[in-house]
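This report concerns only the one structure given below.
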Ligand code: FES
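Numbering (my numbering), first residue to last: 430 to 554.
Pasting the structure below:
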């Protein structure tokens, strides 16, 4: 038996804009430690071997941040704080049920467009 691949990837936006930028960003002084909190929580539960937390830059939904994307499934969580991280780990990652009240609204997260379909729309295929 080979080394198992992760069951989940959790992408935590760690983008922090400099003061004065008109666009909001996910990381501020009061939530800078949330990636560490996520990783430590996974370690404390003993599941970090199969749940890979990843720090990422902007995921394109800054106005709804802090955001966190769980794969597989394209589950985008918004307004994430420590309490939300606890619920996502317990209910989604361990329990298998995405946390509906923390997910992004469909109007901000419509179905993905496949690259070949986008190329067709642009007349490049
Ligand atoms: S800064 Fe986090 S989604 Fe853009």
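Think of the CB as a built atom: it goes at the ideal place given N, C-alpha and C, for glycine as much as any other residue.
Note that the structure is a prediction, hence the values are computed from the model and not measured.
Q: Please check if any C-beta of chain B sits within less than 7 angstroms of the C-beta of residue 532.
A: Of the chains in the structure shown, none is chain B; there is only one protein chain.
By how many angstroms is the C-alpha of residue 444 removed from the C-alpha of residue 557?
Because the chain in this structure spans residues 430 to 554, residue 557 falls outside the shown range and cannot be described.
For the structure I just gave you, are there three or more beta carbon pairs, one from the segment 534–541 and one from the segment 478–486, closer than 8 angstroms? Cβ pair count under 8 angstroms is below three, so no.
Among residues of its own chain, excluding the 5 on either side of residue 510, which ones have a beta-carbon nearer than 8 angstroms to its beta-carbon?
-> Sequence-distant partners of residue 510 (beyond 5 residues in either direction) whose C-beta falls short of 8 angstroms from its own C-beta, in its chain, are 460, 463 and 495.
Return the Cβ separation of residue 491 and residue 545 in integer angstroms, given the expectation that the two are a contact with Cβ distance under 8 angstroms. Between residue 545 and residue 491 the Cβ distance is about 28 angstroms, and since that is not below 8 angstroms, they are no contact.
I want to check one thing, is the minimum distance from the CB of residue 507 to the heavy atoms of the ligand FES below 6 angstroms?
The answer is no for residue 507.
request  = On a CA-only basis, which of 432, 436 and 430 is nearest residue 559? Give me that one, please.
outcome  = Residue numbering for the chain in the displayed model covers 430 to 554; residue 559 lies beyond these limits and cannot be assessed.
message: If distances are taken between C-alpha atoms only, which option among 499, 531, 479 and 458 comes closest to residue 432?
response: Comparing Cα positions, the closest option is 479.
Self-check item: Nonlocal neighbours in the same chain, by C-beta distance under 8 angstroms from residue 468, ignoring five residues either side
Solution: Only residues of its own chain outside the window of five on either side were considered, and among them 477 and 482 have a CB closer than 8 angstroms to the CB of residue 468, listed in chain order.
Determine the closest residue to residue 419 out of 455, 514, 501 and 503, with distance taken between C-alpha atoms.
Coverage of the chain is limited to positions 430 through 554, which leaves residue 419 absent and any answer about it impossible.
| Per DSSP, residue 561 is paired with what? | Since the first residue shown for the chain is 430 and the last is 554, residue 561 is missing from the structure and cannot be characterised.
- Compute the minimum distance between the beta carbon of residue 496 and the heavy atoms of the ligand FES, and state whether it is under 6 angstroms. With a cutoff of 6 angstroms, residue 496 counts as near the ligand FES, since its C-beta is closer than that to a heavy atom of the ligand.
### Message
Tell me the DSSP secondary structure of residue 491 in three-state form.
### Response
Helix.
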